[in-house]
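K.L.:
Following this message is one structure expressed as structure tokens.
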Amino acid sequence: MGNKNTGKKYNEDFKMMIVDLYNSGSSAKDLSSEYGVSEVTIYSWIKKFSPIQTEDGSTVTADEIAKMKKQMLRLQEENEYCCPKY
55 MGNKNTGKKY NEDFKMMIVD LYNSGSSAKD LSSEYGVSEV TIYSWIKKFS PIQTEDGSTV
115 TADEIAKMKK QMLRLQEENE YCCPKY
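Residue numbering for the sequence shown follows the numbering used here, beginning at 55 and increasing consecutively.
Here is the structure:
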């Protein structure tokens, strides 16, 4: 394995490119060797950025779900602050 890039930051485009390559048939092991990213990191990106099919046929990623949850909580807090229940 030998690729120890602890603390290295990758931008979102790079991460999604790796996931796309994986989804196109490249193995995590090959991608790890070629790009110097650990297999564990690649698998976490796959989990985060791979599309999930919804009931209505659209797709969403785990990352998008997390962002929507965060936004929903923020909006709920704003709503409670602006319009308290009586």
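No residue lacks a Cβ here, since even glycine has one placed at the ideal position from N, Cα and C.
These numbers come from a predicted model, not from an experiment.
1) Are the beta-carbon atoms belonging to Y76 and I100 less than 8 Å from one another?
2) Can you list, in chain order, the residues of its chain whose CB lies under 7 Å from that of M122, leaving out five sequence neighbours each side?
3) Below 8 Å on the Cβ atoms is my contact criterion, and I expect A149 with K102 to pass it. Report the Cβ-Cβ distance as a whole number of Å.
4) Comparing alpha-carbon positions, which option in D110, M126, M70, T108 lies nearest T95?
5) When you compare only the Cα positions, how much space is there between N57 and S92?
P.N.:
Considering the structure as presented:
1) yes
2) none
3) Only positions 55 to 140 of the chain appear in this structure, which leaves residue 149 out of reach.
4) M70
5) Summary for N57: the model assigns pLDDT 49, below 50, so the residue's position carries little reliability, and this model does not support an answer.
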